[in-house]
Amino acid sequence: MLQCPKCRGTMRTFDRNGVHIEQCDMCRGIFLDYGELETLARIESQWRQSPPPPVAQPGWGAHHAPHRHHHGPSLFGMLFST
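What the sequence shown shows, in the numbering used here, is residues 2 to 83, in sequence order.
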């Protein structure tokens, strides 16, 4: 078992898109191995450059919400929100 270098808590390993991320159960610190931050940044950049998914158009006279032209939360936001 890995031990957190900050608080000595137990570390858990998560796989996110092929990147192994260690997170402490106690202090919630996130630790990356060499090169993993660059890999996550590249994945984020590719994800942001991809076109948004098509939105189904409502039928004639149907009420609909305004269109949003972004992907929503970032990959980093989703990654570090746990």
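Glycine included, every Cβ here is placed at the ideal spot set by N, Cα and C.
(1) Would you mind sorting residue 25 into buried or exposed? The rule is 16 or more other CB atoms within 10 Å of its CB.
(2) Between 52, 54, 3, 37, which lies nearest to residue 27 when the distance is taken from Cα to Cα?
(3) Which of helix, strand or coil does DSSP assign to residue 43?
(4) Note down, in chain order, each residue of its chain lying with its Cβ closer than 8 Å to the Cβ of residue 10, except the 5 sequence neighbours on either side.
(5) Within 10 angstroms of its Cβ, does residue 38 collect 16 or more other Cβ (buried), or is it exposed?
A quick look at the data gives this:
(1) So residue 25 counts as buried.
(2) 3
(3) helix
(4) 4, 25, 26, 27, 28
(5) exposed
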